[in-house]
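Here's the structure we're looking at; comments come further down.
Number of protein chains: 2
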Amino acid sequence: MATTSSMTRAEEIYQRLRADIINGRHEPGSRLRVEALKEKYGASSGVLREALPRLVGQGLATFAPQQGFRVVTVSPERLEELTEARVFIETHLVRESVTAGTIEWESDLLAAHHHLARVPLFGDADEINEGWLTAHARFHRVLLEGCSNRQLRDIATQLREAAEVYRCWARTPTEHSNRDIAAEHKTICERAIERDVPGVVEALSRHINTTTHLLLNDYGRREEENKQDRGPSSP
Amino acid sequence: MATTSSMTRAEEIYQRLRADIINGRHEPGSRLRVEALKEKYGASSGVLREALPRLVGQGLATFAPQQGFRVVTVSPERLEELTEARVFIETHLVRESVTAGTIEWESDLLAAHHHLARVPLFGDADEINEGWLTAHARFHRVLLEGCSNRQLRDIATQLREAAEVYRCWARTPTEHSNRDIAAEHKTICERAIERDVPGVVEALSRHINTTTHLLLNDYGRREEENKQDRGPSSP
DNA sequence: TTCCAAAAAAATCTCGAGATTTTCTTGACG
DNA sequence: CGTCAAGAAAATCTCGAGATTTTTTTGGAA
Chain A
23 MATTSSMTRA EEIYQRLRAD IINGRHEPGS RLRVEALKEK YGASSGVLRE ALPRLVGQGL
83 ATFAPQQGFR VVTVSPERLE ELTEARVFIE THLVRESVTA GTIEWESDLL AAHHHLARVP
143 LFGDADEINE GWLTAHARFH RVLLEGCSNR QLRDIATQLR EAAEVYRCWA RTPTEHSNRD
203 IAAEHKTICE RAIERDVPGV VEALSRHINT TTHLLLNDYG RREEENKQDR GPSSP
Chain B
23 MATTSSMTRA EEIYQRLRAD IINGRHEPGS RLRVEALKEK YGASSGVLRE ALPRLVGQGL
83 ATFAPQQGFR VVTVSPERLE ELTEARVFIE THLVRESVTA GTIEWESDLL AAHHHLARVP
143 LFGDADEINE GWLTAHARFH RVLLEGCSNR QLRDIATQLR EAAEVYRCWA RTPTEHSNRD
203 IAAEHKTICE RAIERDVPGV VEALSRHINT TTHLLLNDYG RREEENKQDR GPSSP
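Protein sequence lines, in the order shown, are assigned to chains A and B. Everything in the first sequence is counted per my numbering, starting at 23 for the first residue and increasing by one. Everything in the second sequence is counted per my numbering, starting at 23 for the first residue and increasing by one.
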């Protein structure tokens, strides 16, 4: 997150807030109190009231009059909708991208994949490495950048970021260990370079859907545990 | 534009700004100076600095540090991209909508169309009637509401609003007179109620593309006029 | 114990003033 | 005549204080 000096305070705070929501440092549904954020981010209320509305526009936060801002709430239904929308749009984009992509695009994709393949998934404290998240986002963005339609690319990015919020459901990252996510990216990259349109569409669809199914399983499992923790008959 | 009393000042100003941009009362590319808007809308700078970022998130305005806000600039290329994106997404949604829509959806669609058919297109001063714009937006929204995927519906709405900005290219509304826009809506509505999936997809595609082509023609014609006005050899 | 109401605490909402930066004007120089 | 620089004007950016609303706490009654 390169916070250039030629940036307004609000712009900087917005980017930090966005990153913190996407990376799960603000729990879904939790309130974003201006007073609390003022202290945490070292900014005035005015600056925060300028940064927060942008999160609303990006679908990462909600707002209710007299009740302030909240991180978007998560639900299995919404995740399924997001996934369906992503598969629909990203497969279209990747098809265009692989069909029309230039040599420069090929190079960029290879570079992005190389970077992603070398960054470790986990950091020191068993947390997902932030550098990996950045590289992952970049890989998926570049993959679709062969398509010239900026509108659709922006929408794809927006949906992907909204979906990132759900990654924090997998608090215990066991779901990742049983999955060769690196191989999935390698397949996508290779099929794209080979200009194998059906192959890349298939690989990308599986990639997106697999993530969602693992998250939904993880969510269901935790729901059951919570029920047992609260006892068999108490609300 | 129902501005309820249980609304913050920023929310109200945001809606007014959004309507004014979409309906062409702020020219594309024009600056949105806080000082000027303060007077025009009767709000403090803080309120405006809270409302303007939401326009950025919605793709209706841009922002540059130390240079303030601007209405999005328009260009033939961007309009073509917007149109392509709209056709892609709206045809998908209308297919789902017509396939899965309930009886309630049918009723809502008929109601929306009835309303649209009765509102006059032009107001007193040869300007496009604002009530028509509202009814038109509602008709297209309801048409897609049979589809259950909220994410995609929201995206479609967002794209449609971004495209509305281009309507003001047709300053002289001659382009509308040679076109039976009411018949187009009628066809879309009928095909939808008949559950004629290919028919409604075809009608909706033509409807969207026709609007764009007329706008592009109008734009091209005006560009040439401007060149002639400035003389044949001066910049 | 449970429920309700009033008071207290905390948060949001709105506003205007001061510091910083950009933009426009003016005037001199090549 | 065109170009460039210094000064003036205007706009943005940031901040904290006061008014209003919501939330929490407290105390009492059924």
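From the three backbone atoms N, C-alpha and C, an ideal C-beta is built for every residue, glycine too. The structure displayed is predicted, hence computed values, not measured ones.
Glycine 79(A): member of the alpha helix (DSSP H) spanning 67 to 79, first to last residue. DSSP places valine 93(A) inside the beta strand (DSSP E), whose first and last residues are 90 to 93.
In the DSSP annotation of this structure, the continuous segment of the alpha helix (DSSP H) that includes threonine 121(A) starts and ends at 98 to 122. Of all C-beta pairs linking the region 120 to 129 of chain B to the region 90 to 102 of chain B, fewer than three are shorter than 8 Å, placing the two stretches out of contact.
Contact check for isoleucine 210(B) and histidine 235(B): beta-carbon distance about 18 Å, past the 8 Å limit, so the pair fails to qualify. Around the beta-carbon of serine 119(A), 16 or more other beta-carbon atoms lie within 10 Å, marking it buried. Residues of the region 100 to 123 of chain B with a C-beta less than 7 Å from any C-beta of chain A: Glu103, Leu104, Glu106, Ala107, Phe110, His114, listed in chain order.
At a cut-off of 8 Å, the C-beta of glutamate 72(B) has a neighbouring C-beta in chain A. For isoleucine 177(A), the C-beta contacts it makes with chain B under 9 Å involve Ala107, Ile111, Ile177, Gln180, Leu181, in order along the chain. Contact between the region 159 to 170 of chain B and the region 79 to 97 of chain B is absent: fewer than three C-beta pairs spanning the two stretches fall below 8 Å. The Cβ neighbour count for histidine 136(A), taken over all protein chains shown within 10 Å, is under 16; the residue is labelled exposed.
Between glycine 168(B) and the set Val78(B), Val116(B), Arg92(B), the nearest pair of CA atoms involves Val116(B). When 9 Å is used as the limit between beta carbons, leucine 138(B) is near no residue of chain A, the shortest such separation being about 26 Å. With fewer than 16 other Cβ atoms from the protein chains shown falling within 10 Å of its own Cβ, aspartate 146(A) counts as exposed. According to the DSSP assignment, alanine 83(A) belongs to the beta strand (DSSP E) that extends over 83 to 86.
Among the residues facing chain A, arginine 243(B) is not included, as its CB has no counterpart in that chain under 8 Å away. Secondary structure of arginine 53(A) (DSSP, three-state): strand. C-alpha of isoleucine 35(B) to C-alpha of arginine 217(A): approximately 49 Å in a straight line.
Phenylalanine 91(B) counts as buried, since at least 16 other C-beta atoms from the protein chains shown sit within 10 angstroms of its C-beta. Membership of tyrosine 36(B) in the alpha helix (DSSP H) is indicated by the continuous run 31 to 44.
Across the region 219 to 234 of chain B, no CB contact with chain A closer than 9 Å is found for any residue. For glutamine 180(A) and tyrosine 188(A), the gap between their C-alpha atoms comes out near 14 Å. Secondary-structure assignment with DSSP links isoleucine 210(B) through no beta bridge to anything.
CA-CA distance, arginine 182(A) to arginine 108(A), rounds to 7 Å. For threonine 30(B), the neighbours in chain A by C-beta distance under 8 Å run, in chain order, Pro87, Gln88. In chain order, Pro87 make up the part of chain B whose C-beta sits under 7 Å from the C-beta of glutamate 33(A). Annotation: Cβ neighbours of glycine 79(A) in chain B (cutoff 9 Å, chain order): Pro75, Arg76, Leu77, Val78, Gly79, Gln80, Gly81. Per DSSP, the unbroken alpha helix (DSSP H) holding serine 129(B) starts and ends at 125 to 140.
Looking at the DSSP output, isoleucine 150(B) sits in a beta bridge with Phe144(B).
Interface with chain A (8 Å Cβ-Cβ cutoff): glycine 68(B) is included. In the three-state reduction of the DSSP assignment, aspartate 202(A) falls in the coil class.
Look at arginine 163(A) here: in three-state DSSP terms it is helix. With a threshold of 8 Å between beta carbons, glutamine 37(A) makes no contact with chain B.
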